[in-house]
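Trainee: Dropping the structure in here first, questions after.
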Amino acid sequence: MTDSIDAGTRVPRGGRVVDEDFRAMMRGFPTGVAVVTALGPDGRARGMTCSSLCSVSLAPPTLLACLREGSPTLAAVLVRGAFAVNLLHADARRTAELFASGAPDRFDRVAWRAGAAGPHLPAAAHAVADCAVRSPVPAGDHVVVFGEVYAVTGYDDRGPLLYGLRRYGSWPRARPGA
């Protein structure tokens, strides 16, 4: 049996219905939550919540993050050529919401320290990857930034913060001895 698409089938592009259908579909795909950070050319910390993140390769260790075109965080990442990916732990929902809000004082409202590639959020992250930018690729209203990971720091043994269906959640904590 073979599957085929009729040559006359028209694939809709960019219409409102398609946009809403796509958003609804992606809401049903739960994912981990991270805050991507970098230092801007002025030395100020920049950061944004990112759930469009995945591993790409083990050799060399590479991940990708999809960052909104025009965001100050993306600009800092590209100018600096480096960024940090703070994987948030299960109790870091407020940090995720803060960095998704665009609040200009967000780094004044969280504990952070300078990392090799960008600010680390040790009170909110269970792990942080320091990355060198490799091959940014424009993709619609975002830029896919490939990052070669050159350092990983573990901060916490709590599980990851998850997001899906417009809700934050986490896996149940393992019972001791289980």
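Residues 20 to 197 in our numbering are what the sequence shown lists, from first letter to last.
Cβ coordinates follow ideal geometry from the N, Cα and C atoms, glycine included.
#1: Check whether the Cβ atoms of residue 144 and residue 187 lie closer than 8 Å to each other.
#2: Shortest alpha-carbon distance to residue 166 belongs to which of 62, 103 and 37?
#3: Count Cβ pairs between the stretch 79-89 and the stretch 113-124 that sit closer than 8 Å; are there 3 or more?
#4: Three-state secondary structure (DSSP) at residue 117?
#5: Could you name the residues of the same chain whose beta carbon sits closer than 6 Å to that of residue 21, not counting the 5 residues immediately before and after it, in chain order?
#6: Which full runs of the beta strand (DSSP E) of 3+ residues lie inside the stretch 83-164, going along the chain?
#7: Using only the alpha-carbon positions, how far apart do residue 151 and residue 95 sit?
#8: Mind checking who residue 167 pairs with in its DSSP beta bridge?
#9: Taking DSSP as the reference, what is the three-state secondary structure of residue 185?
Mentor: On the basis of the coordinates in this document:
#1: On the sequence shown, position 125 is the one that residue 144 refers to. On the sequence shown, position 168 is the one that residue 187 refers to. Cβ atoms of residue 144 and residue 187: not closer than 8 Å.
#2: As a first step, residue 166 must be located in the sequence shown, where it is residue number 147. Of the candidates 62, 103 and 37, the one whose C-alpha sits nearest the C-alpha of residue 166 is 103.
#3: The stretch 79-89 makes no contact with the stretch 113-124; the number of CB pairs closer than 8 Å stays below 3.
#4: For the purposes of this step, residue 117 is taken as residue 98 along the sequence shown, with counting starting at 1. Helix at residue 117.
#5: Mapped onto the sequence shown, residue 21 falls at position 2. Below a pLDDT of 50, predicted positions are generally treated as unreliable, and residue 21, at 49, falls in that range; the measurement from the model is reported next regardless. Within the same chain, residue 21 has no close Cβ partners at all.
#6: Counting only runs of 3+ residues, the beta strand (DSSP E) found wholly inside the stretch 83-164 occupies 101-107 and 144-158, in chain order.
#7: Taking the first residue of the sequence shown as 1, we reach residue 151 at position 132. Taking the first residue of the sequence shown as 1, we reach residue 95 at position 76. If you draw a straight line from the Cα of residue 151 to the Cα of residue 95, it is about 13 Å long.
#8: Your numbering for residue 167 matches position 148 in the sequence shown. When DSSP reads this structure, residue 167 sits in a beta bridge with 81 and 151.
#9: Translated into positions along the sequence shown, residue 185 becomes position 166. Residue 185 falls in the coil class under three-state DSSP.
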